[in-house]
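Numbering (the UniProt record's numbering), first residue to last: 1 to 462.
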């Protein structure tokens with residue numbers, strides 16, 4: 001195939017395929033899932049693959065991609081549904097605020113969002129925890145916009161960088177990155193990112209100063225004054241009124257699986273042999289670890305619910321992931337078409353000839369997809385599948401390629417991003433200027449900081 005098809009034809013196939021994807025997703029009523037399948041077919045046919053081979057690549061890519069991530073995604077959202085329904089997500093947020101202390105509510109909400117987004121989708125987490133942000137705003141006098149943006153930032157960074165959330169989980173699978181390594185690297189990279197982002201959130205809270213009225217139905221906008229800010233002294237009362245579950249049990253379904261997964265990673269890294277390695281290999285398998293986490297959440301947090309209520313909550317959680325799984329599988333299908341047609345090699349040769357730093361390619365592709373389509377998950381899957389063939393060819397570190405992909409997927413939140421509208425609606429932002437100052441600019445801050453960290457790390461690793 002590669003002997004009869006020129007590199008130019010292969011690259012044209014890729015460009016036309018991506019253009020088809022963007023056009024169908026932006027300008028037509030065709031869903032992104034179908035658009036990805038059509039783009040895969042177009043890419044393969046123009047790239048010189050016979051139709052039968054194109055369809056084989058699509059079905060194989062779809063199945064293999066979901067085979068490595070589908071079960072984990074399903075278990076994760078079921079656990080998230082239990083944490084959400086039981087009030088454990090709120091308990092975690094309250095506990096973090098109490099731990100970090102008075103006067104640091106933006107930092108507390110960033111960290112709370114960061115933790116809660118591990119089991120709960122970012123948009124859902126924002127809806128769940130917005131009443132907490134409103135309550136803190138009324139109690140402390142701080143702007144609900146700054147508090148809410150800090151919360152949204154923490155949620156978004158975990159959603160894009162840290163498995164077992166679906167996007168980075170899929171990236172790890174596509175690039176063959178050990179899940180424990182992906183978790184450790186994602187956490188390490190997002191520490192400076194969340195610091196820079198939270199500093200911006202504090203600044204925005206002073207520029208867009210508004211607080212909720214007494215019943216929380218409307219917002220009062222006025223000029224910021226330092227004298228408005230007061231200490232929070234009723235956090236314990238707020239927790240008691242909610243009748244939330246035990247703190248330790250609320251965190252356990254998240255912390256225990258992560259510890260198990262990381263234990264297996266550490267044992268493999270240290271090359272330790274023996275019975276203990278067998279145990280950590282078993283409990284550290286992501287599927288086993290998440291099953292344990294789910295069982296902990298069911299029996300530790302959901303005792304007051306009937307079996308029917310619990311089943312309904314978990315089934316509702318699974319329903320929300322159906323389309324995410326389809327899009328993830330379709331993205332994998334596109335990756336297999338790119339690989340089987342030889343497009344990956346042609347793209348790598350083109351990049352080498354242009355002297356573009358290879359580590360920037362996944363960032364650029366993910367950013368283009370995020371800007372065009374609005375979906376961070378689609379951006380992650382597409383960028384990872386297109387850059388996977390380049391990792392060995394360009395001598396790149398797979399983990400840093402994954403982080404570059406994640407950084408690009410954070411990059412641009414605006415009108416075509418559902419999270420953009422969810423935030424604006426929840427926090428009463430009506431002017432385009434205010435909307436862009438919040439979700440759009442903070443996405444640039446996050447992406448820019450993350451990319452700088454990736455480039456610095458690549459300078460040492462590379």
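Don't be surprised by glycine CBs; every beta carbon is placed ideally from N, CA and C.
The structure displayed is predicted, hence computed values, not measured ones.
Restricting to Cα atoms, I'd like to know which of the options is closest to residue i.
i, options, result
"residue 19", "372, 94 and 410", "372"
"residue 246", "91, 53, 72 and 99", "91"
"residue 201", "145, 294 and 166", "145"
"residue 13", "318, 45 and 190", "45"
"residue 313", "24, 75, 362 and 198", "75"
"residue 177", "22, 397, 451 and 62", "397"
"residue 363", "332, 393, 406 and 342", "406"
"residue 383", "286, 404 and 392", "404"
"residue 374", "335, 417, 357 and 7", "417"
"residue 158", "133, 185 and 175", "185"
"residue 43", "361, 436, 341 and 244", "341"
"residue 205", "221, 194 and 179", "221"
"residue 10", "55, 349, 272 and 258", "349"
"residue 5", "414, 346, 162 and 438", "346"
"residue 80", "271, 61 and 121", "121"
"residue 59", "343, 332, 306 and 261", "332"
"residue 437", "207, 278, 385 and 388", "207"
Can you list, in chain order, the residues of its chain with a C-beta nearer than 6 Å to that of residue i? Leave out the 5 residues immediately preceding and following it.
i, result
"residue 458", "359 and 400"
"residue 409", "160, 366, 370, 376, 379 and 380"
"residue 33", "326, 327 and 330"
"residue 428", "219"
With a 10 Å radius around its C-beta and 16 neighbouring C-beta atoms as the bar for buried, classify residue i as buried or exposed.
i, result
"residue 304", "exposed"
"residue 275", "exposed"
"residue 15", "exposed"
"residue 49", "buried"
"residue 114", "buried"
"residue 65", "buried"
"residue 97", "buried"
"residue 322", "exposed"
"residue 353", "exposed"
"residue 1", "With a pLDDT of 41 at residue 1, under the threshold of 50, the predicted position of this residue should be treated as unreliable, and no value is reported."
"residue 461", "exposed"
"residue 106", "buried"
"residue 84", "buried"
"residue 336", "buried"
"residue 99", "exposed"
"residue 77", "buried"
"residue 270", "exposed"
"residue 142", "buried"
If you drop the 5 nearest sequence neighbours on each side, which residues of the same chain put their C-beta closer than 7 Å to that of residue i?
i, result
"residue 463", "The requested residue 463 does not occur in the structure, where the chain is confined to residues 1 to 462."
"residue 296", "252, 253 and 256"
"residue 70", "325"
"residue 192", "449 and 453"
"residue 391", "175, 398 and 401"
"residue 249", "300 and 301"
"residue 21", "35, 36 and 39"
Can you tell me which of the three DSSP states residue i falls into?
i, result
"residue 5", "coil"
"residue 162", "coil"
"residue 30", "coil"
"residue 220", "strand"
"residue 210", "strand"
"residue 143", "coil"
"residue 340", "helix"
"residue 153", "helix"
"residue 245", "coil"
"residue 167", "helix"
"residue 118", "coil"
"residue 225", "coil"
"residue 345", "helix"
"residue 357", "coil"
"residue 50", "coil"
"residue 66", "helix"
"residue 175", "coil"
"residue 335", "helix"
"residue 15", "helix"
Ordered along the chain, which non-local residues of its own chain (more than five positions away) have a Cβ less than 8 Å from that of residue i?
i, result
"residue 412", "367, 370, 371, 440, 443, 444 and 447"
"residue 3", "Annotation note: pLDDT 47 at residue 3 (below 50); position unreliable, no value reported."
"residue 422", "123, 126 and 127"
Only counting runs of 4 or more residues, tell me where the alpha helix (DSSP H) segments fall wholly within the region 366 to 439, in order along the chain.
376 to 387, 390 to 393, 398 to 410, 418 to 426 and 432 to 435
Complete runs of the beta strand (DSSP E) confined to the region 260 to 328 [at least 3 residues]:
none
Quick one: which unbroken alpha helix (DSSP H) runs of 4-plus residues sit fully inside the region 83 to 116? Chain order, please.
88 to 100 and 105 to 116
Entirely within the region 178 to 209 and at least 4 residues each: give me those alpha helix (DSSP H) ranges in chain order.
179 to 207
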